Structure formats: structure tokens, C-alpha cells
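Numbering (our numbering), first residue to last: 135 to 448.
Even for Gly, the Cβ is constructed at its ideal location relative to N, Cα and C.
The model shown is predicted, which means the values in this text are computed figures rather than measured ones.
Worksheet: one structure, shown below.
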């Protein structure tokens, strides 16, 4: 309906009401469109539900694994608990941490679909992943290595041309070993447990995985002297993954992780106890002197790149 100013001035009352109704409806519709179009952020969702839903791994010792009782635990789980505590403080309400075990191939689809709010396991940064999700700061360090049985063949990378190497599908380990061992036969498995079992049963000659995970497995398996870990085929930082466009949530995640690293470097509890539980001298995966120095240097670099958390908040 198009009316001139003169028409409006002299229009009957019912026609003016009709025009007003149309204009009001149009205005309300315009105002409501952005609200309907804008998706709920992760921070808003956590505040509304009181729950942080986190994806992790069930067989990535010491970062994330299921213990004998089926409980999920590990270094990355403890990082999630740090994030949970920060969200509880920031939102002023108790936040529950709900954990769900995911395979490496499930992680990004579950994040993109909104089925989990965050993934912390042994995930490492790649540009391809960055196209779909966002990463937190790095809170750990790892790299692709090969686990093999000790035997007549030397434990050197060059010995694996034309050999069968297992790798978990959808991991950076698979990518690294395909790139660095182009003459090897890559056998894709669904989990770390399958990779270990394939090596035990001699259906593969080696298993490619994060070096720290392989060292952790060696500490818990029988006949550990029958196996060896060789080479570095990649070096990667470990970080949490979150859905894109959630900068305020990422701020809380990063603050939690930087606070933990700063507290550990300052020798404060409970940060030292948490780290040493998984990587200290009495842990299943004690770090070598060189690797420990590298981890500490990486922590300091992350803090320097961001900003140290105030002493009062450690």
C-alpha cells in the first residue's frame, strides 16, 4: 500500500490503523530477523545449560584414556577441569563437565554439528583443521614416531620402505607418515588399541602415533623390551579444538591454559602435582631431560606470546 502524505492526513481512521499495523509488523519483523539468524554462542550455551560438553579420547594415554573402571582421565582431562573451573568463576554458577569419548575422525564433525562444545585429547594443529574449527593455545608437545618390534631389522626410519605401517585414521600421524614414508604400505586403523594389537599380531611392521602415547603404552605393556620407538616424522603442539566464531569462549579456554602453565613454571600447586602426575619422575610417561626442557620452553613461549596471568589469579 503506497499513500501520499496528503492521503494519510485526510484518510479515514480505519485506513490509518491498517497502515500503522503494516508498518509495525514490518518493523518488528526487521528487528527480529537478526535475532533469529544469530546462533547461540558456546559461552551462552554453557551459561544456559550449566554444562560444558567436551569430547576427548579413550585410548590416548597419558593425555586422555579410559581407566580400568571406564572413567576418562589424563592430562587433557585435567586441562578440561581447569577450563571448567574458569567458566564456573566467570559465569558465577556451577558448571558441570560432561565428557564423551570420540574417535579422531569424529572430533571435527561433532564440533561443527554442535554436539560437543570443545575437544581436548591429543589433537595437534593443522591448517586443514583450522579451516573448519579454531584452536586454543598449545598446552603440550608431541610428534609422530614409529613403534616396532625389536628384531633383526635396525630401528632406523630408512628400514621401513615397503613395510606395513599402521596409523589411526584422521590423525596427523597418518598424514606425517604418508609424507615421510611414501614407499611404505599404510594400514589405516580405527584406534590406538587396534594399532598396538596389529603390531603384536605381526599384521603390520610398525605403528605410527604420537611419541608420548607410544612411550606411555610401553610403560604399561608386557615384554616392553621387545619393542622400540624410532625417529621423529613430525613435531607438533597439542591444543584444544573449539567451534569457529566463539572468541569469548576461546578467551576463557586460553586463560585457563596459560594460568596452568604459568602456575607450573612458578612451582605452584596444584599445577605442579597435575603435571607431574602424568609426566613427572614417577609417572607412566616420565619425560626425558631434553623433552622436559623443550616442554618448559614451549610453555614459556606460549605465555610470552599471550600475557602472563596475574600472580593473584594463580
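- Residue 177 places its beta carbon less than 8 angstroms from that of residue 383.
- The alpha-carbon separation between residue 399 and residue 273 amounts to approximately 13 angstroms.
- Rounded to the nearest whole angstrom, the C-alpha separation of residue 362 and residue 283 is 6 angstroms.
- Straight across, the Cα-Cα distance linking residue 198 with residue 406 is about 18 angstroms.
- Apart from sequence neighbours up to five positions away, the residues of its chain that approach residue 436 with a beta-carbon distance below 7 angstroms are 271, 272, 392 and 395, ordered along the chain.
- Around the C-beta of residue 187, 16 or more other C-beta atoms lie within 10 Å, and the residue is accordingly described as buried.
- Look at the beta carbons and you see the stretch 409-417 not touching the stretch 289-308: under three pairs across the two are nearer than 8 angstroms.
- Distance from the CA of residue 331 to the CA of residue 365, rounded to the nearest whole angstrom, comes to 21 angstroms.
- Residues 279, 281 and 363 of the same chain have their beta carbon placed closer than 7 angstroms to that of residue 348, with the five preceding and five following residues left out of the count.
- Annotation for residue 419: no alpha helix (DSSP H) segment contains it, and DSSP assigns it neither H nor E.
- Residue 346 sits close to residue 276, with the two beta carbons spaced by under 8 angstroms.
- The bridge partners DSSP lists for residue 272 are 373.
- By the criterion of a C-beta distance shorter than 6 angstroms, residue 432 is surrounded in its chain by 275, once the five residues flanking it on both sides are discounted.
- The DSSP-derived three-state label of residue 190 is strand.
- Note on the stretch 288-356: whole alpha helix (DSSP H) runs with a minimum of 4 residues are 306-314, 326-334 and 345-354, in chain order.
- Residue 229 carries a coil assignment under DSSP once its states are collapsed to helix, strand and coil.
- Here the alpha carbons of residue 285 and residue 267 stand approximately 43 angstroms from one another.
- In this structure residue 388 is buried. Its beta-carbon is surrounded by 16 or more other beta-carbon atoms within 10 angstroms.
- In the three-state reduction of the DSSP assignment, residue 240 falls in the helix class.
- For residue 235 against residue 296, the beta-carbon gap comes to about 35 angstroms, at or over 8 angstroms, which does not count as contact.
- Spatial neighbours of residue 380 in its own chain (CB-CB distance under 6 angstroms, excluding positions within 5 residues in sequence) are listed in chain order as 175 and 176.
- Residue 339 and residue 184 have their alpha carbons spaced roughly 48 angstroms apart.
- For residue 180, the enclosing alpha helix (DSSP H) starts and ends at 176-183.
- Assignment of residue 258 by DSSP, reduced to helix, strand and coil, places it in the strand class.
- For the pair residue 269 and residue 244, the Cα-to-Cα distance works out to about 15 angstroms.
- Residue state for residue 280 is assigned as strand, using DSSP reduced to three classes.
- For residue 300, same chain residues with a beta-carbon under 6 angstroms away, outside a window of 5 residues either side, are 321, 323, 329, 332, 338 and 341 in chain order.
- Residue 234 is bridged by DSSP to 189.
- With a threshold of 16 other beta carbon atoms within 10 Å, residue 439 falls short and is exposed.
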